[in-house]
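Residue numbers (the working numbering): 74 to 395. Take a look at the structure set out below.
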């Protein structure tokens, strides 16, 4: 069972005020990890950032918001700067840069907790999910060993590990100036998906649909389209008639967004939502031809006419006498 990222985000509270000499930024993070059952010593913030790149996800706070719709509690925070004189030799030529500090996104009010050399102790600082310029927090790291919750776990599993700041290939690194930190675009493909989906799927602009079941019952939304994967279990049941967006369509399965939730649903339950298409004007019905009047009806009408005529004559006589 993976350690909870929420528990990790709260683990540092008990160390507030501990001196920097007792635990620097890396030692503090590793101590919090050990408290939730994950023990590892990588020797510095540069190593931890590169570990996230290999076995997790890295990117700016803004990229994290776009990819996962939030910066999750328990995410690692980094300050990534150009290579400088103090950068260790083994980190100078890999095209990534120099990570000079690290901390944790705390579970309280989206702030940060870290062991600060300038303040001399473990302390909290402001972080609101945005890059802090001029030497502030500017990179997020997620590790696949942690449980960040359904949404983040699913995206990391299906879209793939590694984010927009990945190292890239040797060809991509050629020509980079020492100290620059150029991003490599992240591709959201179909890695890890079932073979049947890969063969029948295609990337396309989002399309509005309505979830529809023949019997009117709810339809299953799953985290995975592959029965062999753990995410195939039912995530949620969506009521028939709910509107959704198709992000990727397939012959059997489609990836959809319902509100803030994203998952897989069988394509046969998705019908196009034509609510935004103006309806065709209805044609005016031609007036029906009157039915012919038969003899009996004609006689009745004549009698009614005679009665009305006699009544009118009597009224005129009364009015005239008065």
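The beta-carbon is built from N, C-alpha and C at its ideal position, and this holds for glycine as well.
- In the three-state reduction of the DSSP assignment, residue 283 falls in the strand class.
- Residue range 316–322 is occupied by the beta strand (DSSP E) that includes residue 321, with no alpha helix (DSSP H) assigned at that position.
- Nearest to residue 207 by C-alpha distance, out of 218, 184, 155 and 193, is 155.
- With fewer than 16 other Cβ atoms inside 10 Å of its own Cβ, residue 371 counts as exposed.
- Distance from the Cα of residue 298 is smallest, within the candidate group 173, 335, 316 and 75, for 335.
- In the structure shown, residue 339 falls within a strand segment according to DSSP collapsed to helix, strand and coil.
- The three-state secondary structure of residue 325, taken from DSSP, is coil.
- Considering only 170, 151 and 172, the residue with the shortest C-alpha distance to residue 203 is 151.
- Per DSSP, reduced to three states, the secondary structure at residue 120 is helical.
- Beta-bridge partners of residue 97 (DSSP): none assigned.
- DSSP places residue 178 within a strand segment (E or B) once states are collapsed to three.
- With a cutoff of 8 Å on beta-carbon distance, residue 212 and residue 133 are scored as near each other.
- For residue 151, the uninterrupted beta strand (DSSP E) run begins and ends at 149–154, by DSSP.
- Looking only at 124, 214 and 91, the smallest Cα-Cα distance to residue 131 is reached by 214.
- In its chain, beyond the 5 residues on either side, 93, 96, 97, 98, 101 and 195 have a beta carbon closer than 6 Å to the beta carbon of residue 188.
- C-alpha of residue 147 to C-alpha of residue 118: approximately 16 Å in a straight line.
- One Cα belongs to residue 374, the other to residue 383, and the distance between them is close to 14 Å.
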